[in-house]
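Residue numbers (the working numbering): 367 to 511.
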């Protein structure tokens with residue numbers, strides 16, 4: 367969902383290059399997003415999002431400027447991958463952080479996985495990733511405009 371929201375918000379932003387999302391596990395590889403995710407995106411007029419799940423790769427730490435984790439466990443998993451990459455002598459250009467660092471408050475927020483919860487969890491995630499995306503764009507990407 368975060369990728370779909372971010373892509374929608376940055377369609378015409380020339381400062382944004384490649385946008386992608388990946389999981390720390392290989393679950394659901396190549397599967398499309400959950401139907402409830404797609405319903406929330408459509409509810410908010412994001413109708414052109416298409417994605418197949420993939421697992422994060424070591425190369426991602428060189429290809430992307432930012433890699434965001436949704437929660438602390440995923441952040442720790444990503445830090446392990448990053449250390450492995452750097453342990454092989456490769457430089458990691460990506461800044462790795464919780465997406466919730468852009469929550470707009472002093473305390474970072476974690477994005478809960480709504481998959482096993484009630485449907486309103488998808489609304490909560492949509493609100494969070496939209497807010498985080500807008501704050502990231504304002505504070506980092508467009509800060510000198």
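Built from N, CA and C at the ideal position, the CB exists for glycine as well.
Collapsing the DSSP output to three states places residue 481 in coil. For residue 410, the closest of 441, 397, 437, 370 by C-alpha to C-alpha distance is 370. The residue among 489, 506, 429 with its C-alpha nearest the C-alpha of residue 465 is 506.
Contact check for residue 382 against residue 376 passes: the beta carbons are separated by less than 8 angstroms. Contact check for residue 424 against residue 396 fails: the beta carbons are separated by 8 angstroms or more.
Short of 7 angstroms from the beta carbon of residue 398, and not among the five residues preceding or following it, lie these beta carbons of its own chain, in chain order: 417, 418. Between residue 477 and residue 447, the CB-CB gap reaches or exceeds 8 angstroms.
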